[in-house]
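For the sequence shown, this note's numbering assigns the number 187 to the last residue and increments by one with no breaks. Only one structure is covered here, and it is reproduced in the block below.
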Amino acid sequence: MKIGALLLLCAFPFLGRSQDTTSTKDSVVHPFKKAMLYSAIVPGMGQIYNTLNTVNGRKKAYWKVPLIYTALGAGGYLLISNQLTQKSLKTEYTNRLEGNDLNPRWSDYDNFGVLQLYRQYLDWRDLSILGLFAIYGFQILDAGVEAHFLQFDVSDNLSMRVTPSFYNRNTLGAKVTLRF
């Protein structure tokens with residue numbers, strides 16, 4: 008029930024969206040800060056916001072949402088796995104020092120090997136945390152960049168043409184024509 012209420016609360020800004028048919032492409036302003044805020048609240052929500060507010064339905068960013076959650080899930084899995092292994096190695100090392108029962112998983116290692124593995128998994132856990140923050144920050148940045156590009160004009164009126172040309176009958180050159 009709590010998850011449904013959270014999703015309804017997160018979808019609330021999209022439900023009250025009005026359809027203004029009098030606005031033109033030039034007068035539509037898409038706030039990138041809003042897309043970034045939505046993406047910071049719920050990962051992937053900024054990409055959905057960008058898709059819903061696209062002019063003429065040309066850009067679709069909703070396909071990025073499964074990629075975002077896959078990356079966050081993989082980072083979360085690595086974090087949990089490294090944390091559990093690190094805790095198991097710490098327990099193993101303290102049990103060896105106190106003379107308690109040993110875990111058969113770590114029986115092939117001596118005390119120094121267990122300590123080295125503990126430090127390795129501790130570093131990997133820290134890298135997993137940094138990776139999760141990087142993925143989370145990247146998807147927020149992606150929502151903002153996508154919102155900026157929604158107003159980017161890529162019509163046929165914008166072009167660049169490079170053609171070969173001769174100067175003074177002896178010199179070969181290139182002629183660049185820009186059309187705005």
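Backbone N, C-alpha and C fix where the C-beta goes; we use that ideal spot for every residue, glycine too.
- Excluding five sequence positions before and after residue 151, the CB atoms of its chain that fall closer than 7 Å to its own CB belong to 39, 42, 43, given in chain order.
- Rounded to the nearest whole angstrom, the C-alpha separation of residue 179 and residue 169 is 13 Å.
- Between residue 94 and the set 130, 185, 156, 148, the nearest pair of CA atoms involves 130.
- Taken through DSSP and simplified to helix, strand or coil, residue 174 comes out as strand.
- Under DSSP, residue 166 takes part in a beta bridge, and its partners are 186.
- Taking residue 74 as reference, the option from 50, 167, 99 with the minimal CA-CA separation is 50.
- Per DSSP, the unbroken alpha helix (DSSP H) holding residue 150 starts and ends at 118 to 156.
- In the DSSP assignment, residue 104 falls within the unbroken alpha helix (DSSP H) covering 71 to 105.
- Non-local beta-carbon contacts of residue 55 in its own chain, meaning distances under 7 Å to residues more than five positions away in sequence, involve 69, 72 in chain order.
- Secondary structure note for residue 110: it is in no alpha helix (DSSP H), with a DSSP letter that is neither H nor E.
- Under the DSSP definition of a beta bridge, residue 180 partners with 172.
- The beta-carbon separation of residue 118 and residue 103, rounded to 6 Å, stays under the 8 Å limit for a contact.
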